[in-house]
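The opening residue of the sequence shown carries number 64 in our numbering; numbering runs sequentially from there.
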Amino acid sequence: MEIKFGGEFTVKKSAEEVYDFLVDPGRFCPLLPDYQSKEIVDEKNFLVKLSVGISHIRGIATVKLTLAKAEKPRHAVYEGTGDVPGGSAKLRAGFDLVAAPEGTKVVWAGQANIMGRIASLAGGMLEPLAKKNIQKMIDELQKALA
């Protein structure tokens with residue numbers, strides 16, 4: 064099951080400040096919904112553990128993320144794979160930073176491919192839940208960058 068997401072928002076910080084925040088897992092990972100922990104592997108790779116659950120499938124998801132593209136201070140892309148209870152996931156998420164009169168516009172987009180039993184058992188509940196959690200993260204990100 065593929066889930067696509069995206070949007071934009073503007074903050075008063077400079078593109079450099081926003082970029083530095085978004086490429087620092089120590090700063091943005093704790094904003095992820097149901098965040099448990101992170102482990103830095105090297106400067107471009109890290110593991111994140113999240114609590115996940117839908118219907119009766121619950122547990123800890125372990126996601127390996129890589130900073131696949133980094134063009135300071137305007138563009139970055141993360142790619143990842145993860146083991147989730149009842150399946151697996153492939154992720155891709157990125158952002159572009161654009162100068163705006165009131166600061167920096169953050170244009171973000173991504174997609175998640177969820178495979179396995181969780182995708183078939185969760186049915187139509189998976190996409191709305193994923194989008195709700197993504198919006199929660201974006202809301203927290205906006206607060207952190209305010």
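Cβ atoms here follow ideal geometry from the backbone N, Cα and C, with glycine treated the same way.
- Going by the CB atoms, is the gap between Thr144 and Val115 shorter than 9 Å? With a cutoff of 9 Å on beta-carbon distance, Val115 and Thr144 are scored as not near each other.
- Query: Below 9 Å between beta carbons: does that hold for Tyr98 and Val86?
  - Reply: Contact: no.
- Query: Do you know offhand how far Ala139's Cα is from Ser183's?
  - Reply: Between the alpha carbons of Ala139 and Ser183 lies a distance of about 32 Å.
- Task: Would you kindly work out how many angstroms separate the C-alpha atoms of Val161 and Arg137, rounded to a whole number?
- Result: 7 Å
- Task: With Gly187 as the anchor, note down where its alpha helix (DSSP H) starts and where it stops.
- Result: Counting along the chain, Gly187 falls outside any alpha helix (DSSP H), and DSSP gives it neither H nor E.
- Are Ala163 and Ile177 closer than 9 Å when you measure CB to CB? no
- Heavy atom of the ligand NAD within 8 Å of Leu113 beta-carbon: What this structure holds is no ligand at all, so the ligand NAD is not there to describe.
- Message: If distances are taken between C-alpha atoms only, which option among Val147, Asp159, Thr167 and Met188 comes closest to Gly69?
- Response: Asp159
- Exposed unless 16 or more other CB atoms sit within 10 angstroms - verdict on Phe135: For the record, residue 135 in the displayed sequence is Lys; it is not Phe. Burial call: exposed.
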